[in-house]
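full-length UniProt numbering numbers the first residue of the sequence shown as 1 and each following residue consecutively.
Where is the CB? At the ideal position from N, CA and C, for every residue including glycine.
Worksheet: one structure, shown below.
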Amino acid sequence: MINLLVFCAIVVFYFWSKESEISPVEAMFALGFYAIYIVVYLFVPPFANASSTQMGLLYGLVPAVSVSAVLFPHFNQQSPEIVTRCLGWIGLALVFAILLCFKIFVW
Numbered sequence: 001m002i003n004l005l006v007f008c009a010i011v012v013f014y015f016w017s018k019e020s021e022i023s024p025v026e027a028m029f030a031l032g033f034y035a036i037y038i039v040v041y042l043f044v045p046p047f048a049n050a051s052s053t054q055m056g057l058l059y060g061l062v063p064a065v066s067v068s069a070v071l072f073p074h075f076n077q078q079s080p081e082i083v084t085r086c087l088g089w090i091g092l093a094l095v096f097a098i099l100l101c102f103k104i105f106v107w
């Protein structure tokens, strides 16, 4: 359920800050994709039998950081914004694909 709080915090910060140069369509698509991810992760069975720190990091932290990289690429001063956004999209899509594979084939 922490994922829901993180999602709400990201949404509030995005609409409150308004300093992101990302297009509103891409922002809504990223937030929608993250919302779908959270619904699949939390509410669609089957669920993992056990829990670990690594699973929590993979399924909780990586998607949150990825969607934050898409919405707020200017926070990464060391890379161009397009690189940060692309890495965010790759991270979000990859974790979603891993989650689907585990839900379909492993759990």
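Do you know whose CA, among the options, lies nearest residue i's CA?
i: residue 124; options: E21, L31, F15 and W107; result: Nothing can be reported for residue 124: it is not among the residues displayed for the chain, which extend from 1 to 107.
i: A93; options: I2, F33, K18 and I22; result: F33
i: I22; options: C101, E81, L99 and F13; result: E81
i: F7; options: V62, W107 and H74; result: V62
i: E26; options: S79, V95 and C86; result: C86
i: F43; options: I10, L99 and F105; result: L99
i: A35; options: W107, T53 and F96; result: F96
By the three-class DSSP mapping on this structure, what secondary structure does residue i have?
i: F75; result: helix
i: W107; result: coil
To the nearest angstrom, how far is it from the Cα of residue i to the Cα of residue j?
i: F72; j: G91; result: 15 Å
i: V40; j: L5; result: 16 Å
i: S17; j: V70; result: 15 Å
i: G88; j: N76; result: 12 Å
Subject >> Completely contained alpha helix (DSSP H) runs for the region 19-64, where each covers 4 or more residues >> reply: 24-43 and 53-56
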